[in-house]
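So the sequence shown is numbered by our numbering: it starts at 498 and just counts up by one. Every residue, glycine too, gets a C-beta built ideally from N, C-alpha and C. In this text the structure is predicted, and so the values were computed from the model without any measurement. Scroll down for the structure; my scribbles are underneath it.
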Amino acid sequence: MKRKIALGLGCLLIASSLFACAKKETDNNQKEDKIEETETVQEEESAESEEKEPGVAPTYAITSVEAEGYDNFTGKIQCIQITDESHEKLQTAIDALFSDMVSSFNQSAEAMNNEAVQANEEMKEYASEDSDMTYYETSYSNDISVEVIRSDYKVFSFVVYNYYYTGGAHGMTDMEGYTFDATTGEQLELSDFGSEESITETAMNFILDTIAESDSTAQAGLYQNDEYSEGYEEIVKGFFTGEDYPAYYLDNRGIVFIFQQYTLAPYAAGIITFNVPYSEINGFNEAYIPDDGFYSVELSTMGLIEKIDVDNDGELDNVYLLNDSYNEEESENTTEYHLFVNDASVSHEMEQFGFASGYYIHSLDGNFILVSSDGIIRLFEVSTGTIKDLGTIETDKTIKEIKDGEIIFGDLTYTEAGQEWGNTETHKYSKLGFE
498 MKRKIALGLG CLLIASSLFA CAKKETDNNQ KEDKIEETET VQEEESAESE
548 EKEPGVAPTY AITSVEAEGY DNFTGKIQCI QITDESHEKL QTAIDALFSD
598 MVSSFNQSAE AMNNEAVQAN EEMKEYASED SDMTYYETSY SNDISVEVIR
648 SDYKVFSFVV YNYYYTGGAH GMTDMEGYTF DATTGEQLEL SDFGSEESIT
698 ETAMNFILDT IAESDSTAQA GLYQNDEYSE GYEEIVKGFF TGEDYPAYYL
748 DNRGIVFIFQ QYTLAPYAAG IITFNVPYSE INGFNEAYIP DDGFYSVELS
798 TMGLIEKIDV DNDGELDNVY LLNDSYNEEE SENTTEYHLF VNDASVSHEM
848 EQFGFASGYY IHSLDGNFIL VSSDGIIRLF EVSTGTIKDL GTIETDKTIK
898 EIKDGEIIFG DLTYTEAGQE WGNTETHKYS KLGFE
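And the structure:
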């Protein structure tokens with residue numbers, strides 16, 4: 498018998514009971530027997546104190562529930578539940594949203610399983626007629642995960658990643674942004690932030706200028722205008738002037754606009770996002786601008802610049818990380834990464850075919866950039882607009898979470914239920930380096 502994730506309310510009920518289980522033991526009869534618990538709930542609270550904020554940030558729980566009993570389908574969906582009593586309207590809105598998501602997930606799970614069964618039957622028949630063809634049974638999948646981006650007394654925003662596989666060389670991932678007023682529970686639209694026309698024009702020009710100022714290697718990774726297709730410039734303009742407006746959400750720096758896989762670049766580039774800072778948008782609604790506080794942001798893996806006020810002088814600075822491609826004639830089995838903050842730069846060698854990823858960190862202690870490559874985590878301070886090397890740590894673990902003054906590492910594994918973390922360790926950081 499196929500087991501669905503219980504429609505709508507079921508996900509929210511299980512989210513509620515799982516959250517209770519994380520705090521104390523509960524009656525097992527409260528569990529929904531059609532849903533398997535796959536992940537414990539972690540409650541998140543605002544890092545800001547009530548003394549600094551005139552309001553209270555929402556607390557929330559994330560649960561993961563898995564579809565069971567399908568022959569040729571695997572999948573899961575994560576749900577968010579607001580867990581404090583002071584945000585009843587927000588809780589109602591979030592509950593309704595995920596109720597609809599679970600309902601849609603159930604429908605697509607049934608349909609995808611049936612499609613996979615039919616595809617397998619057809620492939621099995623083809624293989625029986627062609628001795629050169631080998632039959633492999635396939636399963637389709639759909640994994641929906643969430644990531645809370647901003648949770649303060651003004652805004653609750655998050656993104657939903659929808660990964661699906663229906664045969665072929667690889668699956669696809671879509672990313673959707675959601676932004677809610679933390680007090681009223683209203684899902685916010687572009688018009689809530691100011692003039693739609695002004696925001697649209699500002700965002701389009703800002704994104705095109707950002708690409709134009711980026712390194713030529715970053716630009717080369719985007720679609721170019723030729724006889725077969727439009728280039729990135731025409732594509733960006735088409736999104737902002739047409740009906741297919743890009744998805745967006747608010748984070749701690751500005752409005753983030755989302756361009757899905759294959760939109761601006763080939764599949765390998767993944768989902769590309771651009772942050773348009775609040776300071777660049779004339780007349781942006783100050784009610785939704787966050788108080789100054791801790792945040793971190795991953796730098797572009799393509800080398801596209803991020804515009805961030807690193808030295809707190811009110812002017813945006815160009816920050817980006819470039820990976821050099823391996824060249825046997827110019828290097829001895831090594832590559833390099835190059836970190837730039839305006840005209841300042843540093844370079845470090847990596848192993849052959851190595852790859853570096855980076856994070857910008859706005860901390861109460863200063864502004865930092867964290868670069869990870871070949872198991873070496875290097876910390877730089879950039880608070881004055883220069884790049885100061887604060888040292889390294891070596892680890893075979895993956896960065897799980899960056900906090901104000903702490904970095905949490907862990908062993909990351911992938912199962913049918915999704916990501917799983919184990920053996921975590923915490924390293925502290927400050928202007929003095931790693932502790």
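- Selection 901, 866 and 895 evaluated against residue 888 yields 866 as nearest (Cα-Cα).
- DSSP places residue 665 in the coil class of the three-state scheme, outside both helix and strand.
- Boundaries of the beta strand (DSSP E) harbouring residue 817: 814–820, taken from the DSSP string.
- DSSP places residue 895 within a strand segment (E or B) once states are collapsed to three.
- By the neighbour-count definition (other C-beta atoms within 10 Å, threshold 16), residue 864 is a buried residue.
- Distance from the CA of residue 621 to the CA of residue 602, rounded to the nearest whole angstrom, comes to 28 Å.
- Across the set 921, 901 and 881, the C-alpha of 921 shows the shortest separation from the C-alpha of residue 892.
- At the C-beta level, residue 797 and residue 899 stay beyond 8 Å of one another.
- Segment contact: the region 555–563 against the region 575–587, three or more CB-CB distances shorter than 8 Å; contact assigned.
- As DSSP reads the structure, residue 924 sits in a beta bridge with 904.
- As DSSP reads the structure, residue 708 sits in no beta bridge.
- Nearest C-alpha to residue 755 among 810, 673 and 855: 673.
- In this chain, the alpha helix (DSSP H) harbouring residue 591 covers 585–626.
- For residue 754, the enclosing beta strand (DSSP E) has its first and last residue at 751–756.
- A direct Cα-to-Cα measurement between residue 805 and residue 712 gives close to 17 Å.
- At a Cβ-Cβ threshold of 8 Å, residue 614 and residue 689 do not count as neighbours.
- Ranked by Cα distance from residue 760, the first of 749, 729 and 779 is 729.
- Exposure of residue 604 is indicated by the presence of fewer than 16 other C-beta atoms within 10 angstroms of its C-beta.
- Counted as a single uninterrupted DSSP element, the beta strand (DSSP E) harbouring residue 563 occupies residues 557–563.
- The region 832–847 and the region 731–749 do not touch, with fewer than three beta-carbon pairs separated by less than 8 Å.
- The C-beta distance from residue 816 to residue 882 rounds to 10 Å, too long to fall under 8 Å, and the pair is not in contact.
- Classified as exposed, residue 630 has fewer than 16 neighbouring CB atoms from the shown chains inside 10 Å of its CB.
- About 6 Å separates the Cβ atoms of residue 746 and residue 646, confirming a contact at the 8 Å cut-off.
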